[in-house]
Amino acid sequence: RMLHRARLQAGEVLLVIGVGGGVSSAGMLIGKAMGATVFVTSRDAEKIEKAISLGADGGFLSDEGYDRALKAAIGRGADVVLENVGKPTWETSIRSLEKGGRLVTCGATGGTTVELTVPRLFFKQLQVIGSTMYDFGEFASTTRLIATGRVPVLIDSVFAFDDLPSALGRMQGKDQFGKILLRHG
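Going by this note's numbering, the sequence shown runs without a break in its numbering and finishes at 195.
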């Protein structure tokens, strides 16, 4: 839904913040399937390398000024930023946008309150878009991408439901790349 809400088009530049988690990793893969040029950020160089091996066009460490790194790499900012971290990355994500760019957010794992420099918003004609769960049509579209093999399903690990604490530990440890599943029964 995030990329649909942001109206991502083939040929646009998509910057995905915090690759490795399920939402960001899926956003990266779907963005590529939609024909975007996709860059990712992470605090972990290994996650960036994994994302590149899965099709990302490049990546930047999130604590090293990824807004400047993106512009140095391609000579411009992103058309769309997929942001679900929140406070720690918000300002840099906004600065990463090209004039007329769109930031779409569905989460705030790093903090829910952010500051927004209003002149940057109106001078650059930016849009900030909230997103949440998909509707049936978007779900059907995404499952078609998966069924045709254009988008792989990234499963990091599977835990028995009784082992929920280990699954949560895996997620909190920040080592995951993709979805963590719980098996019931």
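Here a beta-carbon is modelled for each residue, glycine too, at the ideal position from N, C-alpha and C.
Note that the structure is a prediction, hence the values are computed from the model and not measured.
Suppose contacts are defined by Cβ-Cβ distances below 7 Å. Is residue i in contact with residue j by that definition?
i           : j           : result
residue 95  : residue 28  : yes
residue 160 : residue 139 : no
residue 36  : residue 18  : no
residue 42  : residue 65  : yes
residue 49  : residue 25  : yes
residue 166 : residue 183 : no
residue 190 : residue 177 : yes
residue 61  : residue 69  : yes
residue 108 : residue 86  : yes
residue 169 : residue 194 : no
residue 105 : residue 73  : no
residue 15  : residue 141 : yes
residue 114 : residue 181 : no
residue 148 : residue 89  : no
Can you give me the start and stop residues for the beta strand (DSSP E) that residue i sits inside?
i           : result
residue 128 : Where residue 128 is concerned, there is no enclosing beta strand (DSSP E), although the alpha helix (DSSP H) it sits in stretches over 128 to 133.
residue 140 : 137 to 140
Provide the residue span of the alpha helix (DSSP H) that contains residue i, from first to last.
i           : result
residue 184 : Neither: residue 184 is in no alpha helix (DSSP H) and is coded neither H nor E.
residue 23  : Residue 23 -> not in any alpha helix (DSSP H); beta strand (DSSP E) instead, spanning 23 to 26.
residue 171 : From DSSP, residue 171 is part of no alpha helix (DSSP H); its letter is neither H nor E.
residue 147 : 146 to 157
In the DSSP assignment, what are the bridge partners of residue i?
i           : result
residue 31  : 29
residue 13  : Note: residue 13 sits in no beta bridge, so no partner.
residue 190 : 167
residue 48  : 24
Q.
Going residue by residue through the region 56 to 124, where are the continuous beta strand (DSSP E) segments of at least 3 residues, counting only ones entirely within it?
A. Runs of the beta strand (DSSP E) inside the region 56 to 124: 68 to 71, 88 to 93, 107 to 115.
Q) Is the region 56 to 63 close to the region 76 to 95, with three or more CB pairs under 8 Å? A) When Cβ pairs closer than 8 Å are counted between the two stretches, the region 56 to 63 is seen not to touch the region 76 to 95, the count staying below three.
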